[in-house]
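Undergrad: At the far end of the sequence shown sits residue 311, using our numbering, and the numbering has no gaps.
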Amino acid sequence: MNVVSVMAHQDDEMRCLGTMLRCRDRGDRLHFICLTDGSKGLVDRPDTGREEAAAVRRAEMSDLCGALGASYRCLGEPDEYLADTPAVRDALIDAIREAGAELVFTHYHEDYNADHVLTHHLVHHCAMQSCLPVIGRRAPLASHPAVFCVEPHGTSLFAPSHFVDVTAVEEEKVALLCRHRSQEIAMRRAVSAGFDDLCRVPDAYWGQKVGCRYAEPFVPMSGRGGTKPFAVLP
Ligand SMILES: [Zn+2]
Numbered sequence: 078m079n080v081v082s083v084m085a086h087q088d089d090e091m092r093c094l095g096t097m098l099r100c101r102d103r104g105d106r107l108h109f110i111c112l113t114d115g116s117k118g119l120v121d122r123p124d125t126g127r128e129e130a131a132a133v134r135r136a137e138m139s140d141l142c143g144a145l146g147a148s149y150r151c152l153g154e155p156d157e158y159l160a161d162t163p164a165v166r167d168a169l170i171d172a173i174r175e176a177g178a179e180l181v182f183t184h185y186h187e188d189y190n191a192d193h194v195l196t197h198h199l200v201h202h203c204a205m206q207s208c209l210p211v212i213g214r215r216a217p218l219a220s221h222p223a224v225f226c227v228e229p230h231g232t233s234l235f236a237p238s239h240f241v242d243v244t245a246v247e248e249e250k251v252a253l254l255c256r257h258r259s260q261e262i263a264m265r266r267a268v269s270a271g272f273d274d275l276c277r278v279p280d281a282y283w284g285q286k287v288g289c290r291y292a293e294p295f296v297p298m299s300g301r302g303g304t305k306p307f308a309v310l311p
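#1: Sort G303, V296 and R174 by Cα distance to C93 and report the nearest one.
#2: Would H197 and Q87 be called neighbours here (beta carbons separated by less than 8 Å)?
#3: With H, G and I counted as helix, E and B as strand and the rest as coil, what does DSSP make of S259?
#4: First and last residue of the alpha helix (DSSP H) that includes E187?
#5: When you compare each of Q285, D171, V278 and E261 to P217 by their alpha carbons, which one comes out closest?
#6: Would you check whether ligand 1 has a heavy atom nearer than 7 Å to the C-beta of A85?
#7: Sorted by chain position, which residues of the same chain lie with C-beta nearer than 7 Å to I262's C-beta, five sequence neighbours on each side aside?
#8: Specify the secondary structure class of M97 as computed by DSSP and reduced to three states.
#9: Compute every distance between the C-beta of D50 and the non-hydrogen atoms of ligand 1, then say whether any falls below 7 Å.
#10: What are the start and end residues of the alpha helix (DSSP H) that includes E248?
#11: Please confirm if the segment 137–153 is in contact with the segment 263–276, defined as three or more CB-CB distances below 8 Å between the two stretches.
#12: Find out if the Cβ-Cβ distance for the pair A292, D242 is shorter than 8 Å.
#13: With respect to the beta strand (DSSP E) encompassing P294, which residues constitute its N-terminal and C-terminal limits?
#14: Quick check: what's the CA-CA separation for L195 versus W283?
#15: Would you say V340 and V181 are within 8 Å of each other, going by their C-beta atoms?
#16: Nearest CA to the CA of E187: which residue from R301, P229 and V81?
#17: Give the single residue among M298, D140, R150 and R215 whose Cα lies nearest to the Cα of F235.
#18: State yes or no: is the C-beta of D89 nearer than 7 Å to some heavy atom of ligand 1?
#19: In terms of residue numbering, what span does the alpha helix (DSSP H) encompassing C276 cover?
#20: Using the C-alpha atoms, what's the distance from E137 back to P155?
#21: Return the residue from the list T232, H193, A130 and R101 that minimises the CA-CA distance to D161.
#22: For G104, which three-state DSSP category applies?
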């Protein structure tokens, strides 16, 4: 199965990476798509130019994907200014088709970041269009991929219905995320926590609710096609 993270920024995969590692362990192929270039992420170095910052984020995400043998596609839209345009829709449909997406993880419809919220809505539209023949350059997918939304950051109401035990891969998940070195530094400055805390605290919270040490929670994407009548998650 082709498993695809479609997120606004490099490092947003932190809420589904454990589950993707579980998918890898059952033989799935992993893909990562980022809509923006991440160029506003260097909050500790605000004078860094867009191209230089984007290169840092690209190198870190490519390093993570390389360690996993996963594909990486960045649509290169401007960080914090993601917009819904025909070109962005076409590019996302193309990327979803290129990955042969069968299982997609993306943002929840409520989140603290506007790029995250718009990414959710773009996936809602483009996952559906990816299996239709009218739009796009590549051949359509055979069927609509299953789509799951990850836990949002911040105080949004979020009532998950699906959980994956990631206890066995939590160490690897955190170690992989630390390859986003610039973000480890930036988040320690912004929220006084690095990837270790940012993963283990919520994963342990959900884990104790469902009877394991660490778990990732999900909500199936509503609408036509994204929710399946069969088990998809590991
Ligand atoms: Zn983000």
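The C-beta atom is built at its ideal place from N, Cα and C for all residues, glycine as well. Since we're looking at a predicted model, the values are computed, not measured.
TA: The answer reads as follows:
#1: For C93, the closest C-alpha among the options G303, V296 and R174 is that of V296.
#2: Cβ distance not < 8 Å, so H197 and Q87 don't count as in contact.
#3: Helix, per DSSP.
#4: Counting along the chain, E187 sits inside no alpha helix (DSSP H), nor does DSSP assign it H or E at all.
#5: With distances taken between Cα atoms, P217 lies closest to D171.
#6: Correct: A85 has its Cβ closer than 7 Å to ligand 1.
#7: Cβ within range, chain order: D121.
#8: In the structure shown, M97 falls within a helical segment according to DSSP collapsed to helix, strand and coil.
#9: Only positions 78 to 311 of the chain appear in this structure, which leaves residue 50 out of reach.
#10: E247 to L254 is the extent of the alpha helix (DSSP H) around E248.
#11: No, they do not touch.
#12: Inclusion of A292 and D242 in the CB contact set at 8 Å is warranted, their separation being smaller than that value.
#13: If you look at P294, you'll find it in the beta strand (DSSP E) that goes A292 to P297.
#14: Straight across, the Cα-Cα distance linking L195 with W283 is about 26 Å.
#15: Nothing can be reported for residue 340, as the shown portion of the chain is limited to 78 through 311.
#16: P229 is the residue among R301, P229 and V81 whose C-alpha sits nearest the C-alpha of E187.
#17: Of M298, D140, R150 and R215, the residue nearest in Cα terms is M298.
#18: It does: the Cβ of D89 is within 7 Å (strictly closer) of some heavy atom of ligand 1.
#19: Taken as a continuous stretch (DSSP letters only), the alpha helix (DSSP H) holding C276 covers F272 to V287.
#20: Cα to Cα, P155 sits roughly 17 Å from E137.
#21: Of T232, H193, A130 and R101, the residue nearest in Cα terms is H193.
#22: Of the three classes helix, strand and coil, the one that applies to G104 here is coil, per DSSP.
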